[in-house]
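Asks: Residue numbers (our numbering): 1 to 415.
Positions of the beta carbon are idealized from the N, C-alpha and C atoms, including for glycine.
For clarity, every value in this text was computed on a predicted model and none was experimentally measured.
#1: Nearest by alpha-carbon distance to residue 289: which of 364, 264, 278 is it?
#2: Excluding sequence positions up to five away, which residues of its chain have a Cβ less than 6 Å from the Cβ of residue 407?
#3: How many Å lie between residue 399 and residue 120 at the Cα?
#4: Please name the residue, chosen from 254, 174, 77, that lies closest to residue 122 on a Cα-to-Cα basis.
#5: Mark residue 115 as exposed unless 16 or more other C-beta atoms lie within 10 angstroms of its C-beta, in which case mark it buried.
#6: What residue range does the alpha helix (DSSP H) around residue 210 cover?
#7: List in chain order: all unbroken beta strand (DSSP E) runs of 3+ residues lying wholly within the stretch 351-381.
#8: Decide if the stretch 359-374 is in contact with the stretch 174-184; the criterion is three or more beta carbon pairs, one per stretch, under 8 Å apart.
#9: Drop a sphere of 10 angstroms on the beta-carbon of residue 165, count the other beta-carbons inside from all chains shown, and report buried for 16 or more, exposed for fewer.
#10: To the nearest angstrom, report how far apart residue 268 and residue 279 are at their CA atoms.
#11: Of the choices 346, 360, 402, 389, whose alpha-carbon is the least far from that of residue 54?
#12: Would you kindly check if the distance between the Cβ of residue 261 and the Cβ of residue 31 is under 8 Å?
#13: Have a look at residue 270 and residue 61 and give me their C-alpha separation to the nearest angstrom.
#14: Is residue 83 closer than 8 Å to residue 155 when the C-beta atoms are compared?
#15: Assuming residue 360 and residue 243 make a contact with CB atoms under 8 Å, what is their CB distance in whole Å?
#16: Whole angstroms are fine: how far does the CA of residue 99 sit from the CA of residue 224?
#17: Following the continuous beta strand (DSSP E) through residue 295, name the residue where it begins and the one where it ends.
#18: What are the boundary residues of the alpha helix (DSSP H) that includes residue 258?
#19: What residue range does the beta strand (DSSP E) around residue 178 cover?
#20: Please classify residue 370: is it buried, with 16 or more other beta-carbons within 10 angstroms of its beta-carbon, or exposed?
#21: With a Cβ-Cβ cutoff of 8 Å, do residue 297 and residue 331 count as a contact?
#22: Which word fits residue 57, buried or exposed, when buried means at least 16 other C-beta atoms lie within 10 angstroms of its C-beta?
#23: Helix, strand or coil for residue 12? Go by DSSP, reduced to three states.
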């Protein structure tokens, strides 16, 4: 039996097994102290002297990113689930080609499955044209028969590092619908972050580890890890990287511990909300113990079944005491969480089995009240375009939709 299939069977069994979660409510005076302590037991550095800027959608991300790329002097590193072959990607490639012509090293990594899963993939001749422009571009884990064997452990990260000084990460791939919206769905809401400071080196390490693994190269050294400039901020950030073969349980345990650490409030926005048992239990426990749990999901989705199963799971949590909302202003693809107004997280991780059991992911855990307040204000604006899932609302859903949600929930290990 192929190794990938053995891995799949192991992961399916794992979703039904409970995991030990060491943080207990009341062990610490503050929720942020509790999570920082746990991160350190996991060997995750909590870096200080960072600045963070939240970019609310593609309209804010791409102009900022293009500005930073234009100023690059030494290298531009990009790691994405996909580069959709559209007008926005053409602008990016043209800009990267200009920098390559100036002598800037440009490396781009994309996931083979992610490329095939979008409706405008990069084909072989596109990739050759990009390479001819002086851009090194590499496909992560190229796919071959049997295709199903390659459906798991995909590179779902979205990372850019420029000159070792500036980094971007979050939920936004390279596609024009992040700016223009998508027919049948409307506007595409998402969240990204731009960081400077010590956390940039952590994101650079993630990129270089993946790049060197795929290419067999040995890119590294001081030229890629620039010293921290004076005047850097004071925000504490932990970069959590999920690498399936190295730390498969880490991301879901950190999420569960962040929820368990909460004393007052939790706000979650997530697009493909089919949480694994450890996350569901943590959310139910928090709501039962008096924490105000707010979960914002999306009425529309680019993936069939997602809205139905999200309603089913959301209603179960609503009955347990959570306040569950559904965004109606388009598709909300953001992956964010805030706890107690003290810390928050932004990244590529969906709260489903694919992200928490299979894929390569990264998240920033940000320990800063001002940053958390900014993220909360963006969450609160989206809540104004949402309705609350009550018993009355649930009962108004057709029997067929409720059945589909129940049936899809059975597929949690695969979603």
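Replies: According to the data block:
#1: Closest by alpha carbon: 264.
#2: Listed in chain order, the non-local C-beta contacts of residue 407 below 6 Å within the same chain number zero, local neighbours out to five positions each way being set aside.
#3: If you take the alpha carbons of residue 399 and residue 120, they lie about 36 Å apart.
#4: Closest option to residue 122, Cα to Cα, is 174.
#5: Answer is buried; the Cβ neighbour count reaches 16.
#6: Per DSSP, residue 210 is one residue of the alpha helix (DSSP H) stretching across 199-215.
#7: If we require 3 residues or more, the beta strand (DSSP E) runs fully inside the stretch 351-381 come out as 361-367.
#8: The stretch 359-374 and the stretch 174-184 do not touch, with fewer than 3 CB-CB distances between them shorter than 8 Å.
#9: A buried status is given to residue 165, since no fewer than 16 other beta-carbon atoms sit within 10 Å of its beta-carbon.
#10: About 12 Å.
#11: Ranking the options by Cα distance to residue 54, first place goes to 346.
#12: The answer is yes: Cβ separation under 8 Å.
#13: When only Cα atoms are considered, residue 270 and residue 61 end up about 19 Å apart.
#14: The criterion of a C-beta distance shorter than 8 Å is not satisfied by residue 155 and residue 83.
#15: Between residue 360 and residue 243 the beta-carbon gap is near 6 Å, inside 8 Å, which marks them as a contact.
#16: Near 17 Å, if we compare the C-alpha coordinates of residue 99 and residue 224.
#17: If you look at residue 295, you'll find it in the beta strand (DSSP E) that goes 292-298.
#18: 250-261 is the span of the alpha helix (DSSP H), which, as asked, contains residue 258.
#19: If you look at residue 178, you'll find it isn't in any beta strand (DSSP E); it sits in the alpha helix (DSSP H) that goes 177-180.
#20: Counting Cβ neighbours within 10 Å, residue 370 comes out exposed, since fewer than 16 surround it.
#21: Between residue 297 and residue 331, the CB-CB gap reaches or exceeds 8 Å.
#22: The C-beta of residue 57 has 16 or more other C-beta atoms within 10 Å across all chains shown, which makes the residue buried.
#23: In this prediction, residue 12 has a pLDDT of 45, which is less than 50 and means its spatial position is unreliable; what the coordinates show is noted afterwards. DSSP places residue 12 in helix when its eight states are reduced to three.
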